[in-house]
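Student: For reference, each letter of the sequence shown is one residue, going 1 to 549 in the UniProt record's numbering. Got a structure for you, written out below as structure tokens; questions coming shortly.
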Amino acid sequence: MTHIPGKNDFWFLPLGGSGEIGMNLNLYGHDGQWLMVDLGVTFGDRFGIDVITPDPEFIVTHREHLVGLVLTHAHEDHIGAIPYLWPLLRCPIYATKFTAEIVRQKIKELPWSKEVKIIEVPLSGELKIGKFLVEYITLTHSIPEPNALAIATPLGTVMHTGDWKIDPAPLVGEATDTDRLMDWGEQGILALVCDSTNVFTKGTAGSEETVRDELFKQIGAQKGRRIIVACFASNLARVETSILTAKSHGRKVCLVGRSLHKMVDAAQKVGYLKDIPPFIDEDTAMKLPPEEVMIISTGSQGEPRAALSRIAADAHPFIKLDHRDVVFFSSRVIPGNERSINLLQNNLTRKGVGIITSHDEDIHVSGHPARDELMQMYEWIKPKVLIPVHGELRHMTEHAKLGLSCGIPKAVVPENGSLIRLDEHNPTIMDYVTAGRLGYDGSRMVPMVSTMLSERGKLASNGAIFVSLVLDREGGLECEPTLTLLGLTVGGEEQERMERDILRCIKSCIHNGYQNLETLQEEIRINIRRATNSWIGKKAPTEIHIIQV
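Right under this line is the structure:
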């Protein structure tokens, strides 16, 4: 089928963020045009890949039909792919003031940054982008200026929530614009495309005000100790909570982590975090008495290069922790990060550092809606169709069940690449398009299913053997072979024994005769792999290079 929507078509197509948490990229199609909502990343830690983005092949192929990129908010899983993928898209970017400032910071050192057209949208603003009428509706989350998008066409309106929760007392930014949500519910919403992250959580996500009260109490109890609060740099509500709590207890605040400094600078530049005292630097923080200092640090997920991991490993140039310090982990554990967080906390414990987590005290609340909040959104919006996104398959399936049980007539559970027809009577997945992942490798983007990464995996698991042979005209050895064994032995006698046995394999294959160099090469490779399997229980990847003189 053609993938250019007609005048009587209204389509939804996720290329990232459906069937996974993070890496959001969503497309809406109508009347010959595509509108993109968000362009995010997820993070990798395997085989040299640190950043993973959606594969934009589909929309790059149809780039002349792409009218713009609309951003819901400034979290990395919604904007982080812009520095990597925008040159392939070259479309205008629409964002509210804070999000626009974060995007400018992210791209300012890139050679094409001046080519990017960023259009700032006021809070509650409305604008025409091609054939789409888009209205920003203020919600609450853990970062300033999170927005739902009412995306209107003559065929109906979609409410795309982005990330949100209902916080009756937000500490940063405006409260949820419930009046406008209810207005849209009365006007009629064709489909609700909605955050599924916390669908298994009963009740509500909780308010940042609760965290502030608990942090105030817990920090007050840490007499004579230096406080370190570990949180996401992008959680400005938590950063402000920590700063004001420190101020109440007479503590000066030091920010540690480049991303944290950037986020705070951007917030202050556009008018947030106004009433906070000046920060102290890292050197000053270590010279003051512990009870006079709070350090706010990145690295709550145990990221190896983040500030807190470097501090725990004694690799930070200024910050050194000991038994006089206590670390508050004011964040959730992202699934998949358990191992790195445990390693970090063990390293801190080894130093005698105290650790307090959200399992111990109420020092974290989620930024995503729990079941009661989802049901409240259904009541406000009254959608005819529910499309769960921003979750693994189990989250989205449960979200669909919840919506149907609350009276929403139809629900469609997508996966990345599902081309969905938005129709109140028969919303369906019409087709599947290319959807995958790209990894940032050095200075290039590579498919995450590439042979290259598969080879790296084999090398990481099994080591490798490289053999170089020089043969004379008669086919005998001109000189002793050169061997390189990587990741196979612990050295010493084991290395020497393995090298001797490999040389015997090589000489035996040559002595037995061969038809041509290709057959000799393969015979040596097979025999060496058999030998390594008998020695260490692994068939190491083996490369044989032969030169005949």
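All C-beta atoms in this analysis are idealised placements derived from N, C-alpha and C, irrespective of residue type, glycine included.
Using CA coordinates, which residue listed in Ala-315, Leu-69, Ser-340 and Gly-271 is at the minimum distance from Glu-303?
Tutor: It is Ser-340.
Student: What residues are listed by DSSP as bridge partners for Glu-120?
Tutor: BP columns for Glu-120 point to Ala-95.
Student: What do you get for Gln-515, buried or exposed, if any count of 16 or more other CB atoms within 10 angstroms of its CB means buried?
Tutor: Classification for Gln-515: exposed.
Student: On the DSSP bridge assignment, give the partners of Gly-537 in chain order.
Tutor: Paired residues: none, contrary to the question.
Student: Mapping DSSP to helix, strand and coil, what is Pro-447?
Tutor: The answer is strand: DSSP assigns Pro-447 an E or B state.
Student: Based on DSSP bridge pairs, tell me the residues matched to residue 569.
Tutor: Shown here, the chain extends from 1 to 549; a query on residue 569 therefore has no answer.
Student: Counting pairs of beta carbons, one from the stretch 437-451 and one from the stretch 38-53, are three or more of them closer than 8 Å?
Tutor: Because the criterion of three Cβ pairs below 8 Å is met, the stretch 437-451 and the stretch 38-53 touch.
Student: Below 8 Å between beta carbons: does that hold for Ser-300 and Phe-232?
Tutor: It is a contact, given that the beta carbons lie within the stated cut-off.
Student: Grab the span of the beta strand (DSSP E) containing residue 550 for me, first residue to last.
Tutor: Lying outside 1 to 549, the shown extent of the chain, residue 550 is not represented and no answer is given.
Student: Kindly indicate which three-state DSSP category Phe-47 falls into: helix, strand or coil?
Tutor: The answer is coil: DSSP assigns Phe-47 none of H, G, I, E or B.
Student: Would you say Leu-13 and Ile-420 are within 8 Å of each other, going by their C-beta atoms?
Tutor: Cβ distance < 8 Å, so Leu-13 and Ile-420 count as in contact.
Student: Would you kindly work out how many angstroms separate the C-alpha atoms of Gly-537 and Leu-471, rounded to a whole number?
Tutor: Answer to the nearest angstrom: the Cα atoms are 31 Å apart.
Student: For Val-389, which beta-bridge partners are listed by DSSP?
Tutor: The partner list for Val-389 (beta bridge, DSSP) reads Asp-195.
Student: How close, in whole Å, do the beta carbons of Glu-282 and Val-256 come, if the pair is a contact with beta carbons under 8 Å?
Tutor: About 6 Å separates the two Cβ atoms, so the contact holds.
Student: Which residue wins for smallest C-alpha separation from Val-385, given the options Glu-392, Pro-56, Val-413 and Asp-9?
Tutor: It is Val-413 whose Cα lies nearest to the Cα of Val-385.
Student: Met-286: which of Arg-305, Ile-311, Val-264 and Phe-318 sits nearest, CA to CA?
Tutor: Comparing Cα-Cα distances from Met-286 to each of Arg-305, Ile-311, Val-264 and Phe-318, the minimum goes to Phe-318.
Student: Between Ile-506 and Val-549, is the Cβ-Cβ spacing less than 8 Å?
Tutor: Cβ atoms of Ile-506 and Val-549: not closer than 8 Å.
Student: Could you check the C-alpha separation between Asn-416 and Ala-400 for me, to the nearest Å?
Tutor: Answer to the nearest angstrom: the Cα atoms are 16 Å apart.
Student: In chain order, what residues of the same chain lie with their CB nearer than 6 Å to the CB of Met-430, ignoring the 5 residues before and after it?
Tutor: The residues are Leu-419 and Arg-421.
Student: Leaving out the 5 sequence neighbours to the left and right, which residues in its chain are closer than 8 Å to Glu-496 when beta-carbon positions are compared?
Tutor: Closer than 8 Å at the Cβ level, and outside the excluded window around Glu-496, lies no residue.
Student: Checking 8 Å against the spacing of the C-beta atoms, do Gln-345 and Ile-355 come in under that value?
Tutor: Against a cut-off of 8 Å, the Cβ pair of Ile-355 and Gln-345 comes out as a contact.
Student: How would you write the range of the alpha helix (DSSP H) that His-78 sits in, first residue to last?
Tutor: 76-79 is the extent of the alpha helix (DSSP H) around His-78.
Student: With a Cβ-Cβ cutoff of 8 Å, do Arg-225 and Pro-290 count as a contact?
Tutor: Yes, these two residues count as a Cβ contact at 8 Å.
Student: Could you check which residue in Asp-31, Gly-17 and Ile-510 has the C-alpha nearest to that of Leu-37?
Tutor: Looking at the sequence provided, one finds Val at residue 37 rather than Leu. It is Gly-17 whose Cα lies nearest to the Cα of Val-37.
Student: Around the Cβ of Ala-315, are there at least 16 other Cβ atoms within 10 angstroms (buried) or fewer (exposed)?
Tutor: Exposed, by the Cβ-count rule.
Student: With contact counted as at least three CB pairs below 8 Å, one residue from each stretch, are the stretch 172-186 and the stretch 214-225 in contact?
Tutor: The stretch 172-186, when compared against the stretch 214-225, does not touch it at the 8 Å Cβ threshold.
Student: Thinking C-alpha only, which one of Ile-387, Pro-427 and Pro-168 is nearest Thr-140?
Tutor: Comparing Cα positions, the closest option is Pro-168.
Student: Determine the DSSP secondary structure at Cys-505, reduced to helix, strand or coil.
Tutor: In this structure, Cys-505 counts as helix in the three-state DSSP scheme.
Student: Which two residues bound the contiguous beta strand (DSSP E) that contains Pro-14?
Tutor: 10-16 is the span of the beta strand (DSSP E), which, as asked, contains Pro-14.
Student: Can you give me the start and stop residues for the alpha helix (DSSP H) that His-261 sits inside?
Tutor: Start and end: 258-269.
Student: At the 8 Å Cβ level, is Glu-523 part of the contact set with chain B, yes or no?
Tutor: The structure shown has no chain B; it contains just one protein chain.
Student: Just verifying my parser: in three-state terms, what is the DSSP assignment at Thr-153?
Tutor: If DSSP states are grouped into helix, strand and coil, Thr-153 belongs with the strands.
Student: Give the single residue among Glu-455, Thr-153 and Ala-435 whose Cα lies nearest to the Cα of Glu-57.
Tutor: Of the candidates Glu-455, Thr-153 and Ala-435, the one whose C-alpha sits nearest the C-alpha of Glu-57 is Ala-435.
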